[in-house]
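See structure below.
Structure below.
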């Protein structure tokens with residue numbers, strides 16, 4: 027048995043149901059404990075000052091949601107002790123994850139700008155150019171690595187799970203700032219040029235009223 031975090035654990039995107047389960051403080055505390063070490067129900071109950079029956083209930087719910095699993099079973103007398111662990115060190119829930127391709131997403135973004143009162147012309151040409159500019163920005167050196175709302179290079183730091191699944195908007199800001207810090211001067215100037223081009227394009231497609 028080891029208390030050393032497993033570097034092979036992956037970040038994991040969770041469902042709305044799993045996210046709702048983590049709204050319970052006891053379940054979050056169980057997750058925090060199991061992220062640091064593999065424990066039995068009896069050990070968890072002892073550390074949290076709760077009954078084993080209570081912990082069994084929470085563990086069952088967390089297992090059903092795919093948040094914890096049995097990592098090892100040991101025979102203790104006539105009983106089998108199960109050691110539990112988390113299925114990932116960082117869980118992220120993003121209810122607004124876009125399933126559409128980037129081209130369709132560009133249409134959604136343009137329509138969203140209109141909803142905010144920033145009138146823009148929504149057509150295939152503008153959506154295609156916006157999609158192309160966005161693709162260029164994601165290919166910039168040091169661009170944040172995010173797939174389907176999951177940070178793919180946050181290591182197995184428990185910070186991103188400290189108060190429950192990381193808010194995707196907050197995670198985006200963290201990655202943005204990390205990206206800025208990691209840029210050299212040439213890369214930073216290139217990113218400013220791309221932002222300037224994006225701004226000029228968006229202003230050019232504003233509706234004239």
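Numbering (this note's numbering), first residue to last: 27 to 235. Even for Gly, the Cβ is constructed at its ideal location relative to N, Cα and C.
Alpha-carbon to alpha-carbon, residue 109 and residue 96: Here residue 96 refers to the residue found at position 70 when the chain shown is read from its first residue. Here residue 109 refers to the residue found at position 83 when the chain shown is read from its first residue. If I take the Cα positions, the gap works out to 6 Å.
Do you know whose CA, among 115, 62 and 54, lies nearest residue 38's CA? Numbered from 1 along the chain shown, position 12 holds the residue referred to as residue 38. Checking every option, the nearest Cα to that of residue 38 belongs to 115.
Less than 7 Å between the CB of residue 144 and some heavy atom of the ligand GDP, yes or no? Of the ligands one can find in the structure shown there are none, so the ligand GDP has no counterpart to examine.
Distance between residue 50 and residue 41 (C-alpha atoms, nearest Å): The sequence position of residue 41 within the chain shown is 15, counting from 1. The sequence position of residue 50 within the chain shown is 24, counting from 1. Going from the Cα of residue 41 to the Cα of residue 50 covers about 16 Å.
For residue 101, which of helix, strand or coil comes out of DSSP? Taking the chain shown and counting its residues from 1, one reaches residue 101 at position 75. In this structure, residue 101 counts as strand in the three-state DSSP scheme.
Once the 5 residues before and after residue 64 are set aside, which same chain residues still bring their CB inside 7 Å of it? Start at 1 with the first residue of the chain shown, and residue 64 comes out as number 38. Cβ neighbours of residue 64 beyond the five flanking positions: 27, 97, 98, 109, 110 and 111.
Using 8 Å as the threshold, is the stretch 131-140 in touch with the stretch 150-164, meaning 3 or more CB pairs across them? yes
Using the Cα positions of residue 93 and residue 230, report the straight-line distance between them to the nearest angstrom. Position 67 of the chain shown, counting from 1, holds the residue named residue 93. Position 204 of the chain shown, counting from 1, holds the residue named residue 230. The straight-line gap from Cα to Cα measures roughly 47 Å.
Separation of residue 48 from residue 228, as counted between CA atoms: Translated into positions along the chain shown, residue 228 becomes position 202. Translated into positions along the chain shown, residue 48 becomes position 22. Roughly 40 Å between the two C-alpha positions.
Where residue 161 sits in the DSSP three-state scheme: By one-based count along the chain shown, residue 161 stands at place 135. Correct three-state label for residue 161: helix.
Buried versus exposed, by CB contacts within 10 Å (16 or more), residue 123: Here the question's residue 123 lines up with position 97 in the chain shown. Below a pLDDT of 50, predicted positions are generally treated as unreliable, and residue 123, at 46, falls in that range; the measurement from the model is reported next regardless. It is exposed - the Cβ of residue 123 has fewer than 16 other Cβ atoms within 10 Å.
Do residue 146 and residue 232 come within 8 Å of each other at the CB atom, strictly closer than that value? For the purposes of this step, residue 232 is identified with residue 206 of the chain shown, where counting begins at 1. For the purposes of this step, residue 146 is identified with residue 120 of the chain shown, where counting begins at 1. Yes, the Cβ-Cβ distance between residue 232 and residue 146 is below 8 Å.
By how many angstroms is the C-alpha of residue 101 removed from the C-alpha of residue 75? For the purposes of this step, residue 75 is identified with residue 49 of the chain shown, where counting begins at 1. For the purposes of this step, residue 101 is identified with residue 75 of the chain shown, where counting begins at 1. Rounded to whole angstroms, residue 75 to residue 101 spans 25 Å at the Cα level.
What whole-angstrom Cβ distance do residue 253 and residue 163 have, given they're in contact under 8 Å? Any answer about residue 253 is impossible in this case: the structure gives the chain only from 27 up to 235.
How should residue 46 be labelled, buried or exposed, when 16 other C-beta atoms within 10 angstroms of its C-beta is the threshold for buried? Within the chain shown, the letter at position 20 stands for residue 46. By the 10 Å Cβ count, residue 46 comes out exposed.
Could you give the distance in angstroms between the alpha-carbon of residue 225 and the alpha-carbon of residue 159? Locating residue 225 in the chain shown gives position 199, counting from the first residue. Locating residue 159 in the chain shown gives position 133, counting from the first residue. Approximately 11 Å between the Cα atoms of the pair.
Tell me whether residue 45 sits in a helix, a strand or coil according to DSSP, three-state version. In the chain shown, the residue the question calls residue 45 occupies position 19. The answer is helix: DSSP assigns residue 45 an H, G or I state.
Given this structure, state the Cα-to-Cα distance separating residue 117 from residue 58, to the nearest angstrom. Start at 1 with the first residue of the chain shown, and residue 117 comes out as number 91. Start at 1 with the first residue of the chain shown, and residue 58 comes out as number 32. The straight-line gap from Cα to Cα measures roughly 12 Å.
Start and end residues, alpha helix (DSSP H) containing residue 219: The count along the chain shown starts at 1 and reaches residue 219 at position 193. It spans 211-230 - the alpha helix (DSSP H) in which residue 219 sits, taken as one unbroken run.
Skipping 5 residues on each side, what residues in its chain have a beta carbon closer than 6 Å to that of residue 132? Within the chain shown, the letter at position 106 stands for residue 132. Closer than 6 Å at the Cβ level, and outside the excluded window around residue 132, lie 153, 156 and 157.
Pairwise C-alpha distance: residue 212 and residue 86: The residue given as residue 86 occupies position 60 in the chain shown. The residue given as residue 212 occupies position 186 in the chain shown. So the two alpha carbons sit approximately 53 Å from each other.
For residue 80, which residues in the same chain have their Cβ closer than 8 Å to its Cβ, ignoring the five residues on either side in sequence? Start at 1 with the first residue of the chain shown, and residue 80 comes out as number 54. Once the five neighbours on either side are set aside, the close Cβ partners of residue 80 are 52 and 71.
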